[in-house]
Amino acid sequence: MDTKEQILAAARAAFDREGPEGLSMRDIAKEVGITPMAIYRHYENKQALIDALVLDALGEWSAIVAAIPPQAPLDWLRAIGEAHLDFALKTPRRYEAAFLTHTTKARRYPDDFLAGQSPAGTLQLRLIEELIAAGVIEAPSPVEVLVTNAALSQGLITLYRAGRMAGGEAEFRELYLRATARSTQAFMTE
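Anchor point for the sequence shown: position 126 equals 125 in numbering that gives the first Met the number 0, and the numbering is continuous, going up by one each time.
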């Protein structure tokens with residue numbers, strides 16, 4: 000592993016432990032065995048390192064979605080939604096890096112998704128387009144369905160992570176699955 004990869008790995012471990020507040024360039028340098036100034040040869044500034052962490056987490060999310068076996072479009076969308084929940088609950092800091100950390104590298108609705116810059120988003124758009132073409136759902140655009148589902152999913156997860164949802168993880172999981180299913184059903188033609 001080269002120095003740049005070592006820095007990213009140390010930053011990822013610090014972020015996973017403490018979130019963005021745990022990212023100290025001095026501590027990361029100490030972990031890697033370099034001077035703090037040496038980090039700047041690889042990452043222009045702390046934000047560049049945060050950007051790298053976001054892209055790393057988005058890559059992990061894309062790999063999770065890519066590993067979901069192909070199935071009927073509606074079932075596939077539901078499987079992606081459940082994987083999103085699992086990603087948030089099982090690796091909360093990775094989820095935070097991918098979806099909640101401020102960066103200019105984050106995917107932006109709808110342009111980046113329409114441009115194919117998000118493998119997971121591109122797949123979801125394709126599945127939604129198939130459902131619209133088959134007459135299963137009706138919507139002005141696939142992007143509207145994608146944004147609605149993403150907003151609900153991320154909103155519920157954010158409320159749960161902030162301790163704003165009563166009950167434990169099992170109750171939250173049931174609520175999430177019911178709510179996201181209803182959201183998709185709102186677009187269904189039957």
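For every residue, glycine included, the Cβ atom is placed at its ideal position computed from N, Cα and C.
If you follow the alpha helix (DSSP H) that Thr147 is part of, which residue opens it and which one closes it? Pro141 to Arg160
Pick from Thr179, Leu158, Ala150 and Leu48 that is closest to Lys104, judged by C-alpha positions: Nearest of Thr179, Leu158, Ala150 and Leu48 to Lys104, Cα basis: Leu48.
May I ask you to verify whether the region 53-70 touches the region 28-42, counting CB pairs closer than 8 Å and requiring at least 3? no
Nearest by alpha-carbon distance to Thr190: which of Ala51, Ala13, Thr2 and Ala12 is it? Shown here, the chain extends from 0 to 189; a query on residue 190 therefore has no answer.
Reduced DSSP secondary structure (H/G/I, E/B, other) of Met36: The answer is helix: DSSP assigns Met36 an H, G or I state.
State the Cα-Cα distance for the pair Glu20 and Glu81, rounded to the nearest angstrom. 29 Å
Helix, strand or coil, according to DSSP, for Met187 in the structure here? strand
Could you check if Asn148 is buried or exposed, using at least 16 other CB atoms within 10 Å of its CB as the buried criterion? buried
Mark Thr188 as exposed unless 16 or more other C-beta atoms lie within 10 angstroms of its C-beta, in which case mark it buried. exposed
Keeping to the same chain, check which residues put their C-beta closer than 8 Å to that of Gln46; ignore five residues upstream and five downstream. Thr102
Short Cβ contact (9 Å threshold) for Ile156 with Ala96: In this structure, Ala96 does not lie closer than 9 Å to Ile156 by Cβ.
Residue environment, Gln70, which counts as buried when at least 16 other CB atoms sit within 10 Å: exposed
Are Leu145 and Gln123 closer than 9 Å when you measure CB to CB? yes
Go ahead and label Gly154 buried or exposed: buried means 16 or more other beta carbons lie within 10 angstroms of its beta carbon, across all protein chains shown. exposed
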